[in-house]
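Below: the structure, in C-alpha cells.
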Amino acid sequence: MSREPPSAGDDGKIRYVNLYEAEAKIYTRKISGFYQRIRRYTGLPLILGFLLLPWFNINGDPAVLFDLAARKFHILGITFWPQDFMLLAWALIISAFSLFTVTVLLGRVWCGFTCPQTVWTLMFISVEHFCEGDRNKRIKLDKQPWNLEKILRKGSKHFLWVLIAFITGATFIGYFTPIRELLLGFVPHRAASGFVYFDIHPVAAFWTLFFTGMTYLNAGWMREQVCKYMCPYARFQAVMYDKDTLAVHYDPKRGERRGPRKPGDDYKKAGLGDCIDCSWCVQVCPVNIDIRDGLQYECINCGLCVDACNTVMDKMSYPRGLIRFTSEDELQTGKTRFFRPRLFGYTFAVLAMVSAFAYVVAARSPLGVDVIRDRGARLYRVMGDEIQNVYTVKINNMDSRNHVYDLELEGDFPFTLKNYHPREVEAGEVFTLPVRVAVPRAQLSGEKNSLKFIVRARNDKSMEAAETSVFMGPGR
Amino acid sequence: MSIFWNIWIIGLTLLCSGLVVWVLLANRKVAVRDDDEPENRTTGHVYDGIEEYDNPLPRWWFLLFVGTLVYSALYLVWYPGLGSFPGLGGWTSAKQLEREQEKARQMEEAIFAEYSRMPIEELAQDNAAMKMGVRLFANNCAVCHGADGGGNYGFPNLADKDWLYGGSPEKIHETLLLGRTGTMPPWGALLGEQKVQEVTEYVVSLGGSKHDAALASGGKTTYQQNCAACHGADGSGNQILGAPNLTDAVWLYDGSRAGIAHSVRSGRANVMPAQKEMLREEKIHLLTAYVYSLSLEQ
Chain G
1 MSREPPSAGD DGKIRYVNLY EAEAKIYTRK ISGFYQRIRR YTGLPLILGF LLLPWFNING
61 DPAVLFDLAA RKFHILGITF WPQDFMLLAW ALIISAFSLF TVTVLLGRVW CGFTCPQTVW
121 TLMFISVEHF CEGDRNKRIK LDKQPWNLEK ILRKGSKHFL WVLIAFITGA TFIGYFTPIR
181 ELLLGFVPHR AASGFVYFDI HPVAAFWTLF FTGMTYLNAG WMREQVCKYM CPYARFQAVM
241 YDKDTLAVHY DPKRGERRGP RKPGDDYKKA GLGDCIDCSW CVQVCPVNID IRDGLQYECI
301 NCGLCVDACN TVMDKMSYPR GLIRFTSEDE LQTGKTRFFR PRLFGYTFAV LAMVSAFAYV
361 VAARSPLGVD VIRDRGARLY RVMGDEIQNV YTVKINNMDS RNHVYDLELE GDFPFTLKNY
421 HPREVEAGEV FTLPVRVAVP RAQLSGEKNS LKFIVRARND KSMEAAETSV FMGPGR
Chain C
477 MSIFWNIWII GLTLLCSGLV VWVLLANRKV AVRDDDEPEN RTTGHVYDGI EEYDNPLPRW
537 WFLLFVGTLV YSALYLVWYP GLGSFPGLGG WTSAKQLERE QEKARQMEEA IFAEYSRMPI
597 EELAQDNAAM KMGVRLFANN CAVCHGADGG GNYGFPNLAD KDWLYGGSPE KIHETLLLGR
657 TGTMPPWGAL LGEQKVQEVT EYVVSLGGSK HDAALASGGK TTYQQNCAAC HGADGSGNQI
717 LGAPNLTDAV WLYDGSRAGI AHSVRSGRAN VMPAQKEMLR EEKIHLLTAY VYSLSLEQ
C-alpha cells in the first residue's frame, strides 16, 4: 500500500523536501557521575592495553603481531598460520555470541561503554570541551565570526584530535608491522642534497595515515552517525532485547506530569511528577534523543542521561533513579526476571564454544604434513622384485624452532623407505621432501593399499603428525 | 573487438552510468503536502500496521554516491573499460604480469648469482640451496625421473652410484646442458632368433645369475663380435658412449630374460633432452649440484 503522491492540483499546498540533509551538530553538556566513572575506569586499562601491547616482546617475537606479508599471526607466544584460519572464525563467532549474551542481560552496554566508536567519540568530546568550553560556550563560539580566539580554540582542538588520531592509527598499524620501525619511519631524514625524506614503506605509511584520517573523521565528525547509519550491530540487536533486558529507561509513572517548579513547592499537589523538565538528559545525550520518549534505536545505553538526571535529582533533593538502567518488566510490574531460558541458552553456548576453542588451541600441533603421490608416467614402478611408489611429503614446520624430522611408515605390508634425505626445516618453512617407498612384490596383494606417513620431530618426539596416502600395486 | 561490440559495450556502460546519475539527482527532493507535520511524515509503506518514518538521509550519504560516480568516471578514463579504448594509464594485465615477473626475477637473480659462484661440491652441501634444488627438480625433472630422482622404467635412477655417462659434477653438468641420446641398435634381423637367445643367456651369465652354460657359451662369440665394441669385452659398459654396465643388477629396462632379449632383438632408444634451451645456466648449475648430492647421500 502506498500513499498517493501530491498531484499538481494541490497548488500551493506542496513543498519540496530534501531527501538528504546535513545532520544538526550535537553539542553535549559535560556531566560526571557514577556511569562516567565506570566508563573511565574500565576504559583506561583497555586503552592502555591497546597502546602498549604492540611494544612487548615474548621470546624475541612480538607479543602480538599480525604479520600479513609473512602470513603468520603471533599472539602471546603462539604463532598462527593461514591453516589456523578456522580458529579466527571461531574466535569471532565466540565474540559475537558473548556480545549476544551480554546484550540479552544488559542491553547495549557494549555500545555505551566499550565500543571504540563511543570511547573515542567521548575522548574527542573531552578534547573539544577542554579547548572550546562547555555546551553553551561551544554554541556561542560556532555562531560568532572568526577571530583570533576562535582560530586558536578551533585550531588547538583539531591539532589535538589529529594527534590522538595519529597515535591511534600508528598503534593500530603497529599490530601489523613492528611498531618501532614504523614510528622511526615517520622521523624525517635530510638527504645530502637537502631533500627531506622518510625511510618508510609506502604501504605502511598509507595505512597509518588512512587510519589516522578515519579516526579523526569518525570520532571528530561522524560520531553518532556511525552508530545510526553504518553499524549493523546497532540495528539488529533490537531482536535480542526482551522485556527483562536492562536498558536506560525513563520512569514515566514517577516523572509525569513533567514541568518546572520552584524549590520547596508542593509539586505533587500541583499534579506534577518528579521530572522538572530541565532537559539536561537531552543536552548530555551524544545521539541527541529525548530518553523520555521511550526506548529508541539510537540509544547506546551510555548512561550519560542517568548521571545527568541523578545530579538534578540530588539538587532537588528527590530520590535518584528517575532515569535509570532498568527493564520494561520492572517499569510495569516492579520486578526484573534475570534468569531466563534465553540467557541460559546463550551462556551455555558461549561456555561450550570457549572450552572447545581452548582445547583446540592447547592441543594444536605445530606440525603439518601433506603427502602427494607422484603423478608420473606410470602408476607404480617394478624394480626387480620390488614394487615402488614415489611420494612428495610436505612438512610444514609451524613451530618457532628449527627441526629435523624422522619419517616412519605404517601399513599392512613390509614397506621400506628409500631416498629419504632429512634436512633441517626452519621455523615457518614448508619443506618439500620426495621419497620412494618399496615393498617386495610377492608380499603385496592389493592394487590400492593404505599407507600412513608418520612425521616426528627428532628432538621432540611428542611433536608428531600423520597423513594417510595410497600405495598402488599390480594386485594379484 | 568489432565495431558493433565496441559500440554495444561503450553504449551500455555510458547508458547505465547516465541512468545512475539521473536516478540519484532526480530523487534528491520529494514533494510533500504542506500540511504534513515533518515529524509525522512516513514513507507511506504500511505492513502489519507498522509504518516507516521518512527521515532524510545524511548529506554525506549523498556525497558518497557522488564520490563513486566521480571515481567510475576517472576509472573509465584511466583504465580500459570503454570498449577497445585502452585508457590513458595504459594499464594491461599483461604489463602487470611482466612487472611482477620482473620483480620476481630480480629477487631470484640475487640468490642464483650467489649460488653460481659456489663450486658444485660445495653447493651440494648447502642446505638452503638443496631445498631449492628439490623444487627445481620437481618442476623440471620429476616427471621422468620421479620426485626423488629414483628413476622409472626407461628413465635412469639418479639417486644411486650407477651412472650411464659418469657421475662427476662435470659429467652431470654436461648431461643436463647438452642432453644425451642413447641408442641400442636392433640386432634381431641381423643375428636371427637363435643367436639373440644365446646372447641373452650370455648377458644373464655376465651378471652372475643362474644360466644355461651351453647356451651362454654359444652367445659369447656373438657378443665379442657385435656387442663388446660398446659394452666392453667384460660387459662392464662404457661411460664415454653411455653403454650400460651389463654385469650389475641395475637395469634401465626390464632385467628379466624376456626384457633383455627384447632389448637385443628390437633395440632401445633413449633421449635426455638438452636443458640449455629451457633453463638458465644458473639453474642448471644448481640442478647439477642437486643431482650430484643425490648420489652423495646414498
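If you're matching them up, the sequences are chains G and C in order.
Per the numbering used here, residue 1 is the first one in the first sequence, and the count goes up by one each step.
Per the numbering used here, residue 477 is the first one in the second sequence, and the count goes up by one each step.
Cβ atoms here follow ideal geometry from the backbone N, Cα and C, with glycine treated the same way.
Bridge partners of residue i, per DSSP?
i      : result
Q388/G : R381/G and A438/G
R535/C : According to DSSP, which records beta bridges pairwise, R535/C is partnered with nothing at all.
G368/G : N396/G
E467/G : F453/G
K505/C : N18/G
F198/G : P188/G
K448/G : M472/G
V248/G : F325/G
N714/C : A719/C
T518/C : Y529/C
Assuming residue i is part of the beta strand (DSSP E), what are its boundary residues?
i      : result
L409/G : H403 to G411
V287/G : From DSSP, V287/G is part of no beta strand (DSSP E); its letter is neither H nor E.
I26/G  : Premise fails: I26/G is in no beta strand (DSSP E) and is neither H nor E.
R744/C : R744 to M748
K418/G : T416 to K418
T657/C : R656 to M660
Rounded to whole angstroms, what's the CA-CA distance from residue i to residue j? Just pull it up for me.
i      : j      : result
H649/C : L772/C : 16 Å
N385/G : R441/G : Position check: residue 385/G holds Asp in this sequence, whereas Asn was assumed. Those two C-alpha atoms are separated by around 6 Å.
E584/C : L367/G : 28 Å
F631/C : P556/C : 50 Å
G264/G : Y318/G : 11 Å
M123/G : T468/G : 57 Å
D274/G : C305/G : 15 Å
V203/G : L183/G : 14 Å
V127/G : W110/G : 23 Å
I93/G  : F236/G : 16 Å
V248/G : M214/G : 30 Å
E256/G : M313/G : 14 Å
R611/C : G625/C : 12 Å
R180/G : T212/G : 17 Å
H129/G : P534/C : 25 Å
F172/G : W120/G : 14 Å
W727/C : G627/C : 11 Å
D370/G : I587/C : 28 Å
What is the DSSP secondary structure of residue i, reduced to helix, strand or coil?
i      : result
D330/G : Just to set this straight, residue 330/G is Glu in the shown sequence, not Asp. In the structure shown, E330/G sits in a helix (DSSP, three-state: H, G or I).
F124/G : helix
Y555/C : coil
L631/C : Going by the sequence as given, residue 631/C is Phe instead of Leu. If DSSP states are grouped into helix, strand and coil, F631/C belongs with the strands.
R375/G : coil
H649/C : helix
P232/G : helix
N482/C : helix
P188/G : strand
D460/G : strand
M472/G : strand
K253/G : helix
T432/G : strand
Y523/C : strand
A91/G  : helix
A618/C : helix
T114/G : helix
A719/C : strand
E149/G : helix
I300/G : coil
Assuming residue i is part of the alpha helix (DSSP H), what are its boundary residues?
i      : result
V726/C : Unbroken run through V726/C: none, as it is neither H nor E.
I760/C : E757 to L772
V675/C : G664 to L682
V306/G : L304 to M316
G428/G : Here G428/G belongs to no alpha helix (DSSP H), and DSSP marks it neither H nor E.
G695/C : A689 to N702
S644/C : It is not in any alpha helix (DSSP H) - S644/C carries neither H nor E in the DSSP assignment.
I587/C : S569 to R593
F561/C : Neither: F561/C is in no alpha helix (DSSP H) and is coded neither H nor E.
E598/C : I596 to L599
Exercise. Where are the beta strand (DSSP E) runs, 3 residues long or more, that stay fully inside the stretch 45-84 of chain G, in chain order?
Worked result: Counting only runs of 3 or more, we get 64-67, 72-75 and 78-80.
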